[in-house]
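Asker: Can you keep this structure in mind? I'll have questions shortly.
Protein chains: 2
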Amino acid sequence: MSRTQGDTKSKIIDLGEKLLLGKGFNGFSYADIAISLGIKNAAIHYHFPCKSDLGLAIIQRARERFKKWGANKETEQLPDRERLDSFFQIYRHYLTKRESVCLSGALETDFTTLPKPMQEETRGLVYDLLTWMEIFLDQGRKRGTFSFPGTPRDQAIIVLAVMQGGLQMTRVTDQSVFDLAVSQIRRLLKP
Amino acid sequence: MSRTQGDTKSKIIDLGEKLLLGKGFNGFSYADIAISLGIKNAAIHYHFPCKSDLGLAIIQRARERFKKWGANKETEQLPDRERLDSFFQIYRHYLTKRESVCLSGALETDFTTLPKPMQEETRGLVYDLLTWMEIFLDQGRKRGTFSFPGTPRDQAIIVLAVMQGGLQMTRVTDQSVFDLAVSQIRRLLKP
DNA sequence: GTCTATAGGGGGATAGAC
DNA sequence: GTCTATCCCCCTATAGAC
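Here the protein sequences line up with chains A and B, keeping their order.
When we follow the working numbering, the leftmost residue of the first sequence carries the number 2, and every step to the right adds one.
When we follow the working numbering, the leftmost residue of the second sequence carries the number 2, and every step to the right adds one.
Rendered as structure tokens:
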């Protein structure tokens, strides 16, 4: 059987994600994707009738990816601090490979202009991240790996905000700003 | 002399800022402003020939505002921790009065799509914020008001990233998230 | 599944009257 | 300073051929 559809479809999501992260949801068009993939505008509409369908697919795939990362046997068995670094690496990759901010940050700033289904999916994404981090920090503190005041939820909010804000700030200054942010948040978690 | 111009012009900047913070630079149009102010599209172009002229004016005014805030005699003489809270209040106001994210965060996510002059002004804004916070934290630590590992610059990055990311996250969850972020960053600075 | 062609709307921006 | 009128481009989306 042909896998032309599957290939094109995932190429569109790949590129759509890159454009979304790089330019915001209102900053790219089907034409950008079409030109870059060497196909026509209408071909994209065949796979994703509305732009919000594409946006939704991008967020859903990212949530699945994170879910798999969290459930990965190798990752799961790492020592807490290495697992933390592995989490930070997700954000570092946004910076190095895609020259972009993170998905939650991009979607949150565009939030008010997003169609309802994308808003809901964005909420889900942020919920996933917050929940994972909260549980992770809670376990880590109980084991003595991490130390921080307040509740695990308080600290989870801080850690995610730093990743998100750090990626954005680094975009207008220089790469070192994000790396300094990561180093500092690591220090702040030291027992 | 008539002050019609001055009035309209600053009303445009006011509304433009609100829209920029609420919907992103690519998320609002001259028509939004025109309708809301009860004037016509062309009237805005009289004051700001290009949209980037308006964007530039918004950022420049915000920088002036922050400069004045920093140089304000009353603010300057406050104890460090009250001055820190006064800084946090700037961000809290974005949330309560404008239902929006902060200016640097909004501009950074749209950054790649912004005209050059706006990019440069955005860099300046972030530089202002980072520099002020770095000096403030440095002095505070020397006085024993604040405690944190790493350099003042490291910590300044973290604090700003938390404000920025916190405002964005709170938009898709609930207001408490931003307040929890502020409480937590205050705790993390405790001696 | 992808194409050509095109509809239909909104965007930024300008010309010229008042 | 503000208006009416209009241009032109880009955008999302659809219809129908291949």
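A virtual CB, placed ideally from N, CA and C, is assigned to each residue, including glycine.
Predicted model only: the values in this text are computed from it and were never measured.
(1) Looking at chain A, which residues of the region 23–42 of chain B have a Cβ within less than 8 Å of any of its Cβ atoms?
(2) Classify B/D111: buried if its beta carbon has 16 or more other beta carbons within 10 angstroms, exposed otherwise.
(3) Given this structure, state the Cα-to-Cα distance separating B/A32 from B/N42, to the nearest angstrom.
(4) Which residues in the same chain have their Cβ closer than 8 Å to the Cβ of B/T9, if we skip the five residues on either side of it in sequence?
(5) Measure how close the beta-carbons of B/I91 and B/A58 come, nearest whole angstrom, since I'm counting them as under 8 Å.
(6) B/L79: which of B/A182, B/S148 and B/F137 sits nearest, CA to CA?
(7) So, for A/L55: in the same chain, excluding its five sequence neighbours on each side, which residues have a beta-carbon less than 6 Å away from its beta-carbon?
(8) Taking A/Y95 as the reference, give the member of A/Q169, A/A182 and A/L190 with the closest Cα.
(9) Using three-state DSSP, classify A/I40 as helix, strand or coil.
(10) Name the chain B residues that come within less than 7 Å of A/Q169, Cβ to Cβ?
(11) Looking only at its own chain, which residues have a Cβ that is under 7 Å from the Cβ of A/G166, when we skip the five neighbours before and after it?
(12) Measuring alpha carbon to alpha carbon, tell me which of A/T171, A/L22, A/A35 and A/L189 ends up nearest B/S105.
(13) In chain A, which residues lie less than 9 Å from B/A63 when you measure between Cβ atoms?
(14) Considering just the uninterrupted stretch of the alpha helix (DSSP H) at A/P153, what are its terminal residues?
(15) Is B/S184 close to chain A? Criterion is C-beta to C-beta, closer than 9 Å.
(16) On the criterion of 16 or more Cβ atoms from any shown chain inside 10 Å, does B/P150 qualify as buried, or is it exposed?
Answerer: On the basis of the supplied data:
(1) G23, K24, G25, N27 and G28
(2) buried
(3) 6 Å
(4) L38, I40, A44 and H48
(5) The pair is not a contact, with the Cβ atoms about 20 Å apart (cut-off 8 Å).
(6) B/F137
(7) G17 and F49
(8) A/Q169
(9) coil
(10) G106, E109, T110 and Q165
(11) none
(12) A/T171
(13) Here the premise fails: no neighbours, minimum Cβ distance about 15 Å.
(14) P153 to V173
(15) yes
(16) exposed
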